[in-house]
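In this note's numbering, the protein residues as written are 163 to 292.
Right under this line is the structure:
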(Lines of atoms letter the chains of each structure in order from A and count residues from 1; the text may use other names and numbers.)
(Lines give C-alpha, C1' and ligand atoms only; values in the text may rest on other atoms or scores of the structure.)
Protein backbone atom coordinates (compact mmCIF):
# COMPACT_ATOMS: atom_id res chain seq x y z
CA UNK A 1 0.00 0.00 0.00
CA UNK A 2 1.42 3.42 -0.92
CA UNK A 3 1.38 6.34 1.45
CA UNK A 4 -0.59 9.51 0.77
CA UNK A 5 1.54 12.56 0.02
CA UNK A 6 2.21 14.83 2.99
CA UNK A 7 -0.54 17.44 3.55
CA UNK A 8 -0.06 20.44 1.32
CA UNK A 9 2.38 18.72 -1.03
CA UNK A 10 -0.06 18.63 -3.98
CA UNK A 11 -1.01 22.25 -3.32
CA UNK A 12 2.67 23.25 -3.26
CA UNK A 13 3.33 21.39 -6.51
CA UNK A 14 0.41 23.15 -8.17
CA UNK A 15 1.62 26.53 -6.89
CA UNK A 16 5.14 25.86 -8.21
CA UNK A 17 3.69 24.83 -11.59
CA UNK A 18 1.65 28.04 -11.68
CA UNK A 19 4.63 30.24 -10.83
CA UNK A 20 6.70 28.60 -13.56
CA UNK A 21 3.84 29.04 -16.00
CA UNK A 22 3.68 32.77 -15.28
CA UNK A 23 7.43 33.08 -15.86
CA UNK A 24 7.08 31.20 -19.17
CA UNK A 25 4.23 33.52 -20.19
CA UNK A 26 6.28 36.56 -19.20
CA UNK A 27 9.22 35.33 -21.29
CA UNK A 28 7.00 34.62 -24.31
CA UNK A 29 5.36 38.04 -24.16
CA UNK A 30 8.68 39.83 -23.75
CA UNK A 31 10.20 37.96 -26.69
CA UNK A 32 7.23 38.91 -28.87
CA UNK A 33 7.51 42.63 -28.16
CA UNK A 34 5.23 43.18 -25.18
CA UNK A 35 6.23 45.36 -22.26
CA UNK A 36 4.84 44.00 -19.02
CA UNK A 37 3.24 46.79 -16.98
CA UNK A 38 2.03 44.75 -14.00
CA UNK A 39 2.17 41.21 -12.60
CA UNK A 40 -0.41 39.67 -10.29
CA UNK A 41 -2.50 42.83 -10.08
CA UNK A 42 -5.06 42.39 -7.30
CA UNK A 43 -8.12 44.57 -6.77
CA UNK A 44 -11.32 44.10 -4.76
CA UNK A 45 -13.28 41.39 -6.55
CA UNK A 46 -10.66 40.37 -9.06
CA UNK A 47 -7.11 39.82 -10.19
CA UNK A 48 -5.06 39.86 -13.37
CA UNK A 49 -2.02 37.68 -13.93
CA UNK A 50 -0.25 40.04 -16.34
CA UNK A 51 -0.94 43.44 -17.86
CA UNK A 52 1.15 44.18 -20.93
CA UNK A 53 1.45 46.78 -23.66
CA UNK A 54 2.50 46.44 -27.26
CA UNK A 55 2.10 49.47 -29.46
CA UNK A 56 -1.28 51.05 -28.84
CA UNK A 57 -2.78 47.95 -27.17
CA UNK A 58 -3.08 47.12 -23.49
CA UNK A 59 -3.67 43.41 -22.86
CA UNK A 60 -5.10 42.04 -19.62
CA UNK A 61 -3.70 38.53 -19.65
CA UNK A 62 -4.84 35.38 -17.91
CA UNK A 63 -2.23 32.62 -17.64
CA UNK A 64 -3.68 29.12 -17.51
CA UNK A 65 -1.44 26.15 -16.79
CA UNK A 66 -2.92 22.69 -17.06
CA UNK A 67 -1.53 19.18 -17.51
CA UNK A 68 -2.87 19.16 -21.09
CA UNK A 69 -3.24 22.07 -23.51
CA UNK A 70 -6.93 21.39 -24.27
CA UNK A 71 -7.69 21.69 -20.54
CA UNK A 72 -5.94 25.06 -20.46
CA UNK A 73 -7.93 26.28 -23.45
CA UNK A 74 -11.29 25.83 -21.70
CA UNK A 75 -10.22 26.97 -18.23
CA UNK A 76 -11.25 30.65 -18.47
CA UNK A 77 -14.81 30.61 -17.18
CA UNK A 78 -17.39 33.39 -17.29
CA UNK A 79 -16.83 34.00 -13.58
CA UNK A 80 -13.08 34.36 -14.18
CA UNK A 81 -13.71 36.83 -17.03
CA UNK A 82 -15.89 38.97 -14.74
CA UNK A 83 -13.16 38.99 -12.08
CA UNK A 84 -10.54 40.04 -14.63
CA UNK A 85 -12.84 42.80 -15.93
CA UNK A 86 -13.41 44.15 -12.39
CA UNK A 87 -9.67 44.27 -11.75
CA UNK A 88 -9.06 45.84 -15.19
CA UNK A 89 -11.53 48.61 -14.34
CA UNK A 90 -9.60 49.39 -11.16
CA UNK A 91 -6.27 49.33 -13.01
CA UNK A 92 -7.65 51.69 -15.66
CA UNK A 93 -8.90 54.12 -13.00
CA UNK A 94 -5.36 54.12 -11.56
CA UNK A 95 -3.74 54.45 -15.01
CA UNK A 96 -5.87 57.00 -16.85
CA UNK A 97 -3.23 57.36 -19.56
CA UNK A 98 -4.21 53.88 -20.84
CA UNK A 99 -7.88 54.61 -21.57
CA UNK A 100 -7.08 55.83 -25.09
CA UNK A 101 -5.39 52.52 -25.96
CA UNK A 102 -7.09 49.47 -27.46
CA UNK A 103 -8.00 47.21 -24.53
CA UNK A 104 -8.03 43.44 -24.89
CA UNK A 105 -8.46 40.24 -22.89
CA UNK A 106 -5.68 37.81 -23.80
CA UNK A 107 -4.65 34.41 -22.54
CA UNK A 108 -1.42 32.46 -22.40
CA UNK A 109 -1.88 28.71 -22.18
CA UNK A 110 0.81 26.51 -20.69
CA UNK A 111 1.10 22.73 -20.67
CA UNK A 112 4.10 20.52 -19.86
CA UNK A 113 6.39 19.73 -22.79
CA UNK A 114 4.50 22.16 -25.04
CA UNK A 115 5.40 25.64 -26.19
CA UNK A 116 3.36 28.36 -24.48
CA UNK A 117 0.47 29.60 -26.60
CA UNK A 118 -0.53 33.28 -26.59
CA UNK A 119 -4.09 33.91 -27.75
CA UNK A 120 -4.78 37.64 -28.31
CA UNK A 121 -8.42 38.56 -27.79
CA UNK A 122 -9.12 35.23 -26.07
CA UNK A 123 -12.10 36.64 -24.18
CA UNK A 124 -14.35 39.68 -24.06
CA UNK A 125 -13.86 42.19 -21.27
CA UNK A 126 -16.88 44.11 -20.03
CA UNK A 127 -15.21 47.39 -19.10
CA UNK A 128 -18.34 49.53 -18.84
CA UNK A 129 -18.03 52.26 -16.28
CA UNK A 130 -14.28 52.48 -15.94
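Don't be surprised by glycine CBs; every beta carbon is placed ideally from N, CA and C.
Give every residue of the same chain whose Cβ lies closer than 6 Å to the Cβ of residue 221, excluding the five residues on either side of it in the sequence, and list them in chain order. Locating residue 221 in the chain shown gives position 59, counting from the first residue. These residues qualify, in order along the chain: 214, 266 and 268.
Considering just the uninterrupted stretch of the beta strand (DSSP E) at residue 212, what are its terminal residues? Looking up residue 212 in the chain shown gives position 50. Run containing residue 212: 208–216, per the beta strand (DSSP E) assignment.
As assigned by DSSP and simplified to three states, the class of residue 192: For the purposes of this step, residue 192 is taken as the residue at position 30 of the chain shown. Here residue 192 sits in helix by DSSP.
Taking the alpha carbon of residue 277 as the point to measure from, which residue in 173, 183 and 176 has its own alpha carbon closest? Position 115 of the chain shown, counted from the start, is the residue given in the question as residue 277. Nearest of 173, 183 and 176 to residue 277, Cα basis: 183.
With DSSP collapsed to three states, give me the class of residue 284. As a working mapping, residue 284 is identified with position 122 in the chain shown. Strand.
Which term fits residue 191, buried or exposed, when burial requires 16 or more other beta carbons within 10 angstroms of its beta carbon? The residue labelled residue 191 in the question sits at position 29 within the chain shown. Its Cβ being crowded by 16 or more others within 10 Å, residue 191 is buried.
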